[in-house]
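Heads up: the sequence shown at position 180 corresponds to 180 in the UniProt record's numbering, and the numbers run straight through without jumps.
C-beta: ideal position from N, C-alpha, C; glycine also.
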Amino acid sequence: MSAALPEAALDQLFRNARTYNHYLDKPVEGHVLEAIWDLVKFGPTSANSLPARIVWCVSDEAKGKLAPLCSSTNADKVRKAPVTAIIGMDVNFHDNLPEFFPHAPAMKTMMDGLPELAREMMALRNSSLQGAYFIIAARALGLDTGPMSGFNNAAVDEAFFADMPGVKSNFIATLGYGEPGTPHARLPRPDFARFNTVV
1 MSAALPEAAL DQLFRNARTY NHYLDKPVEG HVLEAIWDLV KFGPTSANSL PARIVWCVSD
61 EAKGKLAPLC SSTNADKVRK APVTAIIGMD VNFHDNLPEF FPHAPAMKTM MDGLPELARE
121 MMALRNSSLQ GAYFIIAARA LGLDTGPMSG FNNAAVDEAF FADMPGVKSN FIATLGYGEP
181 GTPHARLPRP DFARFNTVV
C-alpha cells in the first residue's frame, strides 16, 4: 500500500496550485515536455486507450498560428506563454488497442463495431482524463498551467491535425513558470456535504 503524500506535495498539486495567465520569461525545455508526457502516459484510461494527442506550441510560428484561432483574450495568453499545449483526441484510438491492450484482442473488434459517435465520446472522456493528468504532472514538475476553451475547434483541427486523420482538439492549456502574484483571488470551493452523497 502506498503512503499518503506529504502536505507540501498536496499543496503544490492542489491546494496552493492556481491557473496562470502570466508567466516568467523562462523557457520550458524540451526534456521537461517529455517528462510531463512520461507521467501523463501512466494515468488510467479505458482499456489503456490513450487517445490524447498533444501538440506543443513552442515556436513563435506555432503560437502565431494558434493565437488567431482563439478568442481575443485567449489569443494574447497564447502569444505570451512559453508553451501552449493543444490536447487533442484520436477517435481512431482503437487502432492501437492490439499494442496497448494486447491481452484482450477481441476489444479492437468490439470497438470496430461501435458507431463513430460512441468512439468519439470515449475519446473525449479519456483524453479529458489525460488532460487532467497533464495539469497534475506539470504541477508536480514545478510548472503552472492555464487550461482553456475559447477557441475555434474546427480551425485548430485543420491547422494542427490535418495530417492526423481522426484527431480532433479537446482543449488547450498554456504552460510555463507562473509569475508570482498574478492569479486572481481563489474562487469559492464547496465542502464535502454540498455535492457528495455516501450511500
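Exercise. Using the beta-carbon count (16 or more within 10 Å), is K77 buried or exposed?
Worked result: Looking up residue 77 in the sequence shown gives position 77. With 16 or more Cβ atoms within 10 Å of its Cβ, K77 is classed as buried.
For this session: With a 10 Å radius around its C-beta and 16 neighbouring C-beta atoms as the bar for buried, classify H94 as buried or exposed.
Result: Counting from one through the sequence shown, the residue named residue 94 turns up at place 94. The residue is buried, with at least 16 neighbouring Cβ atoms inside 10 Å.
For this session: May I have the straight-line CA-CA distance separating T174 from A3, to the nearest angstrom?
Result: The count along the sequence shown starts at 1 and reaches residue 174 at position 174. The count along the sequence shown starts at 1 and reaches residue 3 at position 3. So the two alpha carbons sit approximately 32 Å from each other.
For this session: With DSSP collapsed to three states, give me the class of G30.
Result: The sequence position of residue 30 within the sequence shown is 30, counting from 1. The DSSP-derived three-state label of G30 is helix.
For this session: Would you mind stating whether residue 210 and V91 have Cβ atoms separated by less than 8 Å?
Result: The displayed coordinates of the chain run from 1 to 199. Any statement about residue 210 would go beyond what the structure contains.
Problem set entry | 8 Å contact criterion, which L39 and Y133 should meet: CB distance rounded | For the purposes of this step, residue 39 is taken as the residue at position 39 of the sequence shown. For the purposes of this step, residue 133 is taken as the residue at position 133 of the sequence shown. Rounded to whole angstroms, the Cβ separation of L39 and Y133 is 7 Å, and the two are in contact under 8 Å.
Exercise. Taking C-beta to C-beta, are Y23 and A81 nearer than 8 Å?
Worked result: For the purposes of this step, residue 23 is identified with residue 23 of the sequence shown, where counting begins at 1. For the purposes of this step, residue 81 is identified with residue 81 of the sequence shown, where counting begins at 1. Between Y23 and A81, the gap from beta carbon to beta carbon is short of 8 Å.
Problem set entry | Own chain residues within Cβ distance below 6 Å of I135, not counting five before or after | Along the sequence shown, one-based indexing puts residue 135 at 135. Result list for I135: T145, in chain order.
Exercise. Can you list, in chain order, the residues of its chain whose CB lies under 6 Å from that of L33, leaving out five sequence neighbours each side?
Worked result: Locating residue 33 in the sequence shown gives position 33, counting from the first residue. If the five residues before and after L33 are omitted, its C-beta is found closer than 6 Å to the C-beta atoms of W56, all from its own chain and listed in chain order.
Problem set entry | Residue from K168, Q12 and C70 with nearest C-alpha to G150 | Sequence index remark: in the sequence shown, residue 150 carries index 150 (1-based). When K168, Q12 and C70 are compared, the shortest CA-CA separation from G150 is found for C70.
Exercise. By the 10 Å Cβ neighbour count, where 16 or more other Cβ atoms means buried, how is F160 classified, buried or exposed?
Worked result: On the sequence shown, position 160 is the one that residue 160 refers to. Residue burial annotation: F160 is buried, with at least 16 other C-beta atoms found within 10 angstroms of its C-beta.
Problem set entry | Identity of the residue in E7, A17, A8 and M1 nearest L143 by Cα | Within the sequence shown, numbered from 1, the residue matching residue 143 stands at position 143. Out of E7, A17, A8 and M1, the CA that lies nearest to the CA of L143 is found in A17.
Problem set entry | Beta-carbon separation (whole angstroms), S169 vs G43, contact threshold 8 Å | Residue 169 sits at position 169 when you count from the first residue of the sequence shown. Residue 43 sits at position 43 when you count from the first residue of the sequence shown. Between G43 and S169 the Cβ distance is about 20 Å, and since that is not below 8 Å, they are no contact.
Exercise. How many angstroms separate the CA atom of V58 from the CA atom of E29?
Worked result: Translated into the one-based positions of the sequence shown, residue 58 becomes position 58. Translated into the one-based positions of the sequence shown, residue 29 becomes position 29. Whole-angstrom Cα-Cα distance: 9 Å.
Problem set entry | Residues of its chain near N153, where Cβ-Cβ distance is below 8 Å and the 5 sequence neighbours each way are ignored | The count along the sequence shown starts at 1 and reaches residue 153 at position 153. In chain order, K168 and S169 place their CB closer than 8 Å to the CB of N153, counting only its own chain and leaving out the 5 sequence neighbours on each side.
Exercise. Which residue from P102, Y20 and A137 puts its Cα closest to that of W37?
Worked result: Along the sequence shown, read from residue 1 onward, the residue named residue 37 stands at position 37. In terms of CA proximity to W37, A137 leads the group P102, Y20 and A137.
For this session: Going by DSSP, name the residue or residues bridged to G150.
Result: As a first step, residue 150 is located in the sequence shown; it is residue number 150 there, counting from the start. G150 is not bridged to any residue.
Problem set entry | Per-residue burial, R186 [other beta carbons within 10 Å of its own, 16 or more giving buried] | Residue numbering aside, residue 186 sits at position 186 when the sequence shown is read from its first letter. The residue in question, R186, is exposed, as its Cβ has fewer than 16 Cβ neighbours within 10 Å.
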